[in-house]
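Those protein sequences? They're chains A and B, same order as listed. Numbering of the first sequence is given in our numbering, commencing with residue 30 and proceeding in unit increments. Numbering of the second sequence is given in our numbering, commencing with residue 7 and proceeding in unit increments.
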Amino acid sequence: MNIIVCMKQVPDTETLIKVKPDGSGIVTDDIKYIMNPYCEFGVEEALRIKEKFGGQAILVTMGPQRAVETLRTGLAMGADRSIHLNDPAFEGADGFATAKALAEVIKKETYDLILCGKQAVDDDMAQVGPSLAELLNLPHVTLVTKLEIGPDKKKAKVEREIEGGREVIEVSLPAVFTCQKGLNEPRYASLPGIMKAKKKEVKPINLATLGLPADQVGAAGSKTRILKHTPPPSRPPGKIISGEMLDAAKNLVKLLREEAKII
Amino acid sequence: MAKGIWVFSEVKDGNIRKITFELLSQGKKMAEKLGEELVAVLLGSGVEGLTGRLAEYADKVYWVDDPNLAQYTTDAYATVLTNLLKEHQPTIFLCGATIMGKDFSPRVAARLQTGLATDCTGLSMGDNDLLIAKRPIYAGKAFIEVSCPVSRPQMASVRPNVLEMVPPDGAKKGATIKVEAKIDPASLRTAVVEVVKAAGAKVDLTEAEIIVSGGRGMKGPENFRVLEELAEAIHATVGASRAAVDSGWRDHGDQVGQTGKVVTPNLYIACGISGAIQHLAGMGSSKIIVAVNKDPDAPIFQKADYGIVEDLFKVVPVLTEEFKKLLAES
Chain A
30 MNIIVCMKQV
40 PDTETLIKVK
50 PDGSGIVTDD
60 IKYIMNPYCE
70 FGVEEALRIK
80 EKFGGQAILV
90 TMGPQRAVET
100 LRTGLAMGAD
110 RSIHLNDPAF
120 EGADGFATAK
130 ALAEVIKKET
140 YDLILCGKQA
150 VDDDMAQVGP
160 SLAELLNLPH
170 VTLVTKLEIG
180 PDKKKAKVER
190 EIEGGREVIE
200 VSLPAVFTCQ
210 KGLNEPRYAS
220 LPGIMKAKKK
230 EVKPINLATL
240 GLPADQVGAA
250 GSKTRILKHT
260 PPPSRPPGKI
270 ISGEMLDAAK
280 NLVKLLREEA
290 KII
Chain B
7 MAKGIWVFSE
17 VKDGNIRKIT
27 FELLSQGKKM
37 AEKLGEELVA
47 VLLGSGVEGL
57 TGRLAEYADK
67 VYWVDDPNLA
77 QYTTDAYATV
87 LTNLLKEHQP
97 TIFLCGATIM
107 GKDFSPRVAA
117 RLQTGLATDC
127 TGLSMGDNDL
137 LIAKRPIYAG
147 KAFIEVSCPV
157 SRPQMASVRP
167 NVLEMVPPDG
177 AKKGATIKVE
187 AKIDPASLRT
197 AVVEVVKAAG
207 AKVDLTEAEI
217 IVSGGRGMKG
227 PENFRVLEEL
237 AEAIHATVGA
247 SRAAVDSGWR
257 DHGDQVGQTG
267 KVVTPNLYIA
277 CGISGAIQHL
287 AGMGSSKIIV
297 AVNKDPDAPI
307 FQKADYGIVE
317 DLFKVVPVLT
327 EEFKKLLAES
């Protein structure tokens, strides 16, 4: 089975995000980049399916030159080859324009399923997976925590998280799945894996080789516009409630009722 | 009139979810400013009885009743909604940033070739008919304001618990209009085989009004019992830090933070949580934050409105008793 894994390079979750004074974006100096944690679940799941059924795990990402590092990480984990959409024209893409570009390149591949993270932890849009499915005319299942391919490889049985429980869903393949924490424990790349990854294919795709008109990609092809960035609202300084423990607890309950009016 | 602000009415276990009324309350204000109608759209099976409450807010209620809509499936809901939106071409379409809303909205937006702002925490009207949607990025470490300048409808999913719910004045009685679903069952590519409810499931973290959360300081899964008892007393949902989840003490679904759930309760009580940056991002928009930790230098105290520097195992049981006393009095 051929499995496509869509992935994204994002700032490390340890990063302290600072908004530029003019609100035009975030300060990107000194940011350390990692593979989006939810994409790691996608890579791991693809490798497990491949190990069971054979076939290829193919990574696809869109991003600047540095995004190659994330592809190399996935290749070192065990993926077979990768595709890198990299062109200044792709910059500033919203969820729709991103899904459109990914769909255009994935159309040219043969595959049985597509795995995405449930969302990227930078923009937090949770949009590309289902939008990609729509543009490829495939079904999708979001927030997958268990994925079983049927013996005929034409269907999958999946578990997904819902509010207050989980749902078991049967879906025809090919389909798009978005991966949620709990699906698996992603492996670390081994040293031989890292060495092998250096020789694996990273196929660059630019605007010309993608084959979409310039007004359908990047900021020009986006349906939404970001008007401004702002820091989170500041919180007033808190109170440390001291005193004997019983008094402190009593005092806290009193403050929550009388000052915060919350209980 | 016509065009309009449309609100998706989400049904769970036979009832309309609170987020729907939050959206209708906000939608009413925006519709008045815009001079367009407020429309509620309701999908399900045997849902006619629910239309009355929606008509107290909305000028029109489109309701679609079909056995294929009894259980949520992406294909059925996305198809019915897209057909309605194509026919009526409203200015704005809003839904909850719930698991259901977040599942169908990107597909509907892609089919309509329009813009979507997901997981919004604020909505306002800009110039002309422009919707300005405010939403967190990096789990709340920053915010953006987004618009959808050209294509219509402008779509947004909004997080539960952030918009103010205004009860209807009782004067309004919108028209209820039944619409045929026209679903071809063969076009449904997913089928729900089973729904498993979590044991003792309370309100989900993303819509809980009070959350009691435990971290590494809980020392083990069995100790969460003290938090469960506190939660029971004040009708809260129990959450956990990544440290507690990765130690296997709590389910993945309980995790609050950048790689878990981003929450906005009225009250968040953090017990034995030091406050890693990813956790602070995920709960930093809570209205009131209480921290209990024996380390006075724990970063959680930087975010907390009220802090007690003490061993949580001493404080929490006393707190539970004090809350019980207070709630018994009132």
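Yeah, the Cβ is synthetic: ideal placement off N, Cα and C, and Gly gets one too. Quantities reported herein were computed from a predicted structural model and do not represent experimental measurements.
Rounded to whole angstroms, what's the CA-CA distance from residue i to residue j? Just pull it up for me.
{"i": "residue 203 (chain B)", "j": "residue 65 (chain A)", "result": "29 Å"}
{"i": "residue 287 (chain B)", "j": "residue 262 (chain B)", "result": "9 Å"}
{"i": "residue 243 (chain B)", "j": "residue 216 (chain B)", "result": "6 Å"}
{"i": "residue 169 (chain A)", "j": "residue 185 (chain A)", "result": "11 Å"}
{"i": "residue 275 (chain B)", "j": "residue 315 (chain B)", "result": "13 Å"}
{"i": "residue 136 (chain B)", "j": "residue 154 (chain B)", "result": "7 Å"}
{"i": "residue 276 (chain A)", "j": "residue 263 (chain A)", "result": "29 Å"}
{"i": "residue 80 (chain B)", "j": "residue 319 (chain B)", "result": "45 Å"}
{"i": "residue 19 (chain B)", "j": "residue 49 (chain B)", "result": "13 Å"}
{"i": "residue 107 (chain B)", "j": "residue 190 (chain B)", "result": "22 Å"}
{"i": "residue 266 (chain B)", "j": "residue 282 (chain A)", "result": "29 Å"}
{"i": "residue 143 (chain B)", "j": "residue 292 (chain A)", "result": "30 Å"}
{"i": "residue 186 (chain B)", "j": "residue 69 (chain B)", "result": "9 Å"}
{"i": "residue 195 (chain A)", "j": "residue 108 (chain A)", "result": "30 Å"}
{"i": "residue 321 (chain B)", "j": "residue 278 (chain A)", "result": "7 Å"}
{"i": "residue 76 (chain B)", "j": "residue 192 (chain B)", "result": "16 Å"}
Counting only Cβ pairs nearer than 7 Å, list the residues of chain B close to residue i.
{"i": "residue 151 (chain A)", "result": "143, 144"}
On the three-state DSSP scale, how would you describe residue i?
{"i": "residue 176 (chain A)", "result": "strand"}
{"i": "residue 68 (chain B)", "result": "strand"}
{"i": "residue 99 (chain A)", "result": "helix"}
{"i": "residue 33 (chain A)", "result": "strand"}
{"i": "residue 97 (chain B)", "result": "coil"}
{"i": "residue 179 (chain B)", "result": "coil"}
{"i": "residue 244 (chain A)", "result": "helix"}
{"i": "residue 129 (chain B)", "result": "strand"}
{"i": "residue 235 (chain A)", "result": "coil"}
{"i": "residue 265 (chain B)", "result": "coil"}
{"i": "residue 280 (chain A)", "result": "helix"}
{"i": "residue 248 (chain B)", "result": "helix"}
{"i": "residue 53 (chain B)", "result": "coil"}
{"i": "residue 277 (chain B)", "result": "strand"}
{"i": "residue 74 (chain B)", "result": "helix"}
{"i": "residue 242 (chain B)", "result": "coil"}
{"i": "residue 287 (chain A)", "result": "helix"}
{"i": "residue 124 (chain B)", "result": "strand"}
Output needed for residue i: all residues of its chain with C-beta closer than 7 Å, excluding positions within five of it in sequence on either side, in chain order.
{"i": "residue 34 (chain B)", "result": "44, 63"}
{"i": "residue 290 (chain B)", "result": "146, 309"}
{"i": "residue 53 (chain B)", "result": "17, 69, 71"}
{"i": "residue 15 (chain B)", "result": "22, 26, 46, 47, 48, 60"}
Leaving out five residues on either side along the sequence, give the residues of the same chain with a beta carbon under 6 Å from the beta carbon of residue i.
{"i": "residue 32 (chain A)", "result": "75, 78, 86, 142"}
{"i": "residue 239 (chain B)", "result": "326, 329, 330"}
{"i": "residue 317 (chain B)", "result": "300"}
{"i": "residue 67 (chain A)", "result": "146, 147, 208"}
{"i": "residue 294 (chain B)", "result": "273, 311"}
Identify, in the order they occur along the chain, each residue of the same chain with its Cβ nearer than 8 Å to the Cβ of residue i, setting aside the five sequence neighbours on each side.
{"i": "residue 73 (chain A)", "result": "106, 212, 213, 214, 215, 216"}
{"i": "residue 259 (chain A)", "result": "48, 52"}
{"i": "residue 138 (chain B)", "result": "129, 130, 131, 132, 151, 152, 153"}
Can you pull the chain A residues whose beta carbon is under 7 Å from the beta carbon of residue i, in chain order?
{"i": "residue 361 (chain B)", "result": "The structure shown does not extend to residue 361 (chain B), since chain B spans only 7 to 336, so no value can be given for it."}
{"i": "residue 260 (chain B)", "result": "Here the premise fails: no neighbours, minimum Cβ distance about 11 Å."}
{"i": "residue 117 (chain B)", "result": "163"}
{"i": "residue 335 (chain B)", "result": "Simply none; closest approach about 10 Å."}
{"i": "residue 328 (chain B)", "result": "278, 279, 282"}
Please list, in chain order, the chain A residues whose beta carbon lies closer than 9 Å to that of residue i.
{"i": "residue 121 (chain B)", "result": "123, 124, 125, 251, 252, 253, 254"}
{"i": "residue 80 (chain B)", "result": "159, 162, 168, 169, 170, 171"}
What in chain B is Cβ-close to residue i, meaning under 8 Å?
{"i": "residue 155 (chain A)", "result": "108, 112, 124, 125"}
Chain B partners of residue i, CB-CB under 9 Å?
{"i": "residue 286 (chain A)", "result": "332, 336"}
| field | Residues, ordered as in the chain, of the stretch 56-72 of chain B that lie near chain D by beta-carbon distance below 9 Å | value | The structure shown has no chain D; the protein chains it does contain are A and B.
| field | Contacting positions in the stretch 248-280 of chain A - beta carbon closer than 7 Å to chain B | value | 252, 253, 254, 255, 256, 257, 258, 259, 260, 261, 264, 267, 268, 269, 270, 274, 275, 277, 278, 279
| field | Residues of the stretch 121-133 of chain A with Cβ closer than 8 Å to any Cβ of chain B, in chain order | value | 123, 124, 125, 128
| Taking Cβ-Cβ distances below 7 Å as the criterion, which residues of the stretch 164-177 of chain A are in contact with chain B? | 164, 168, 169, 170, 171, 172
| field | Selection of the stretch 210-226 of chain A by Cβ proximity to chain B, strictly under 8 Å | value | 210, 211
| query | Residues in the stretch 189-205 of chain B with C-beta within 7 Å of chain A's C-beta atoms, listed in sequence order? | reply | 195, 196, 197, 198, 199, 200, 201, 202, 203, 204
| Given a limit of 8 Å on CB to CB distance, which residues of the stretch 51-65 of chain A reach chain B? | 55
| said: Using a Cβ-Cβ cutoff of 9 Å, what residues of the stretch 89-107 of chain B are near chain A? List them in chain order. | reply: 103, 104, 105, 106
| Chain-ordered residues of the stretch 188-201 of chain A with a beta carbon less than 9 Å from chain B | 188, 189, 190, 191, 192, 193, 194, 195, 196, 197, 198, 199, 200, 201
| query | If contact means a Cβ-Cβ distance below 9 Å, which residues of the stretch 277-292 of chain B contact chain A? | reply | Residues 282, 283, 284, 287, 290, 291.
| request: Closer than 8 Å, Cβ to Cβ, to anything on chain B: give me those residues from the stretch 84-95 of chain A, in chain order. | output: none
| Proximal residues, the stretch 247-271 of chain B versus chain A, C-beta separation under 9 Å | 251, 257, 258, 259, 261, 263, 264, 265, 266, 268
| request: Could you list the residues in the stretch 30-54 of chain A with a C-beta less than 7 Å from some C-beta on chain B, going in chain order? | output: 42, 43, 45, 46, 48
| If you measure beta-carbon to beta-carbon, which residues of the stretch 229-241 of chain A are closer than 9 Å to chain B? | none
| said: For the stretch 302-323 of chain B, list every residue whose C-beta sits within 7 Å of some C-beta in chain A, in sequence order. | reply: 307, 309, 310, 311, 312, 313, 314, 315, 316, 320, 321
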